[in-house]
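S.K.: First, the structure itself, so that you have it in front of you.
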Amino acid sequence: MDNEDRIAECVGLWLAEGDNKSENEITFTNNCWKLVEFFHRNVRRLFVRHKPKIRIYIYQPNKNKTRISLKRVQVNYYLDERATKPYFI
């Protein structure tokens with residue numbers, strides 16, 4: 611997959627599941643971990659020169675912390691009793 615394809619897929623995901631209300635920030639929300647990993651991997655590649663500060667907010671229905679495998683990411687956990695499974699922002 612070339613850079614143009616990666617950009618197109620990330621923009622599509624962001625338009626479908628993201629937030630455009632904040633400045634200087636790209637927000638992506640999803641409960642599919644494979645999509646979160648894909649988005650993370652490609653955003654890191656696309657913005658490597660800018661050294662982005664990547665944060666993941668994990669909302670889950672209980673206090674069991676969902677472990678993630680991403681490096682150099684700040685992770686914040688929140689309890690959301692309405693959630694049926696973890697979702698990631």
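Count the sequence shown with the working numbering and you get residues 611 to 699, in order.
For every residue, glycine included, the Cβ atom is placed at its ideal position computed from N, Cα and C.
Should V683 and R665 be called a contact, given that it needs their Cβ atoms to be closer than 8 Å?
M.R.: As a working note, residue 683 is residue 73 in the sequence shown. As a working note, residue 665 is residue 55 in the sequence shown. Yes.
S.K.: Candidates F648, R654, H660: which alpha carbon is nearest F698's?
M.R.: Start at 1 with the first residue of the sequence shown, and residue 698 comes out as number 88. The residue with the shortest Cα to Cα distance from F698 is F648.
S.K.: Using beta-carbon positions only, say whether P671 and A693 come within less than 8 Å of one another.
M.R.: The count along the sequence shown starts at 1 and reaches residue 671 at position 61. The count along the sequence shown starts at 1 and reaches residue 693 at position 83. Their beta carbons are under 8 Å apart, which means P671 touches A693 by this criterion.
S.K.: Roughly how many whole angstroms lie between the Cα atoms of T639 and R654?
M.R.: Stepping through the sequence shown from its first residue, residue 639 is reached at position 29. Stepping through the sequence shown from its first residue, residue 654 is reached at position 44. Cα to Cα, T639 sits roughly 17 Å from R654.
S.K.: Excluding the 5 residues flanking Y687 on each side, which residues of the same chain have their C-beta closer than 6 Å to its C-beta?
M.R.: As a position in the sequence shown, residue 687 is number 77, starting the count at 1. So the list reads I668, K675, once near-sequence residues are dropped.
S.K.: Please say whether N641 and K681 have beta carbons closer to each other than 8 Å?
M.R.: To locate residue 681, count along the sequence shown from 1; it is residue 71. To locate residue 641, count along the sequence shown from 1; it is residue 31. No, the pair does not count as a contact, with Cβ atoms beyond the cut-off.
S.K.: To the nearest angstrom, how far is the alpha carbon of V658 from that of N613?
M.R.: Sequence index remark: in the sequence shown, residue 658 carries index 48 (1-based). Sequence index remark: in the sequence shown, residue 613 carries index 3 (1-based). Using only the alpha carbons, I get a separation of about 13 Å.
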